[in-house]
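Counted the way the UniProt record's numbering counts, the sequence shown spans residues 1 to 315. Note that CB positions come from ideal geometry on N, CA and C, so glycine has one too.
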Amino acid sequence: MSGVVSGFTVIFIVVGIGYLLGRTHVLGDAAHEVLSRLVFFVCTPALLFHSLVTSDLSVIFSKTLIIAGGSALTIGAIYLVVARLWLRIEIPELAIGALASSYVNSVNLGLPIAIFVLDDASFIAPLLLFQILLYSPMALITLDLTVTDPALGHASRETTLRDAIVTPLTNPILLGGITGLAISAIGWQPPAAVMEPMKMLGNASVPGALLAFGLSLTGVAVFKKGQSPRRQIALASVLKLVVMPASVYVVARWGFGQSGHDLFAQVVIAALPTAQNVLVYATRYRRAQIMARDTALITTLGSIPAIAVIAFLLA
């Protein structure tokens, strides 16, 4: 338990520094965007590459992939059914809401928590690859088939199937992961001249992601009366922070017989907040943007006490 407390203390301090940097504008107005891009395009691919090259492939193609991926799809389906019957919202909003309730922030918070709390970055890799390779394309195709906003133009509709296939393959994080998996599969150990730069850049991923996360918390107001779809946000947030971890606990413990640290890791991963990718999709299709933004922030703030409770009960 002391290791978990120490890990969260590290995370809180670095996030707090990022928040102070944002409040004081020491790094300028574009700091969050620049730092986020550095983490996304350079540091995190290097971290994933190094972690997978030095890991056993059985860790990736394991129960974690089935549990994490299956739970994401299940929670998303629950949102679709409940929101459709209860709130009577349209399919594009349902698609964004389903993602908001189940698409995990596996980079900005997932990797730091995997490293500092779970002591192993490979715990988050299966879910990260599942979301990039399968979940994102499914969302893009669904949104394109159901969004009728003329402002999107015909070009978007004609190219979305291509984008759904090509975009994940050009994602730097996925490329780093696939390259690491391939090298690990053939049993080749790259020379130190290659691995050391990857290790150095990868070591910058976690502090960079936490600083970027802290920067993102400044100047954002959520849950405004008359603007935010509160019932949709509440439904997605409860599913993400309560139902998803609880269901993963049940499945992992009694369905797969997991216990101890493995069970703890599965539940912690399920309690991670909504990813910013959901807001990116909502903005692109001009549907449910406020819902995506507010759910991401609320689940981000709520995930910290949620994971703390999980750590207290299971660590």
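Same chain, Cβ closer than 8 Å to residue i, five either side skipped, listed in chain order
i, result
"V267", "P245, V248, Y249, A252, I310 and L314"
"S127", "It is Leu, not Ser, that sits at residue 127 in the sequence shown. If we look at L127 and ignore the five residues flanking it on each side, its Cβ neighbours are T64, L65, A68, G69, A72, V104, S106, G110 and I269."
"G302", "S237, L241 and P273"
"Y19", "G214, L215, L217 and T218"
Residue i, DSSP secondary structure in three states
i, result
"T274", "strand"
"V104", "strand"
"A292", "helix"
"A98", "helix"
"H50", "helix"
"G16", "helix"
"I132", "helix"
"A193", "helix"
"H154", "For H154, the predicted model reports a pLDDT of 46, less than 50, meaning its position is unreliable; a value from the coordinates is still stated below. Note: H154 maps to helix in three-state DSSP."
"R23", "helix"
Residue i Cβ short of 6 Å to the ligand GTP heavy atom set
i, result
"L134", "You won't find the ligand GTP in this model; it holds no ligand whatsoever."
Cβ-based burial, residue i [other Cβ within 10 Å; buried from 16]
i, result
"H25", "exposed"
"E196", "exposed"
"I298", "buried"
"F61", "exposed"
"M198", "buried"
Residues of its chain near residue i, where Cβ-Cβ distance is below 7 Å and the 5 sequence neighbours each way are ignored
i, result
"L87", "R231 and Q232"
"M138", "none"
"G16", "G214"
Nearest neighbour of residue i, chosen from the options [CA to CA]
i, options, result
"A95", "L301, I307, I290 and Y281", "Y281"
"G22", "R84, H32 and I13", "H32"
"V53", "V42, Q189, E93 and F40", "Q189"
"A288", "S36, I75, L99 and G208", "L99"
"T74", "L239, L143 and L85", "L239"
"I132", "D119, T146 and N171", "N171"
Bounding residues of the alpha helix (DSSP H) (the contiguous stretch that carries residue i)
i, result
"A72", "K63 to L87"
"I233", "R230 to V238"
"I124", "From DSSP, I124 is part of no alpha helix (DSSP H); its letter is neither H nor E."
"G110", "G110 to F116"
"T179", "P172 to I186"
"G214", "S205 to S216"
"L259", "The sequence as given places Ser at residue 259; Leu does not occur at that position. Neither: S259 is in no alpha helix (DSSP H) and is coded neither H nor E."
Spatial neighbours of residue i in its chain, beta-carbon cut-off 6 Å, leaving aside the 5 residues before and after
i, result
"G97", "Y79, A83, Q232 and A236"
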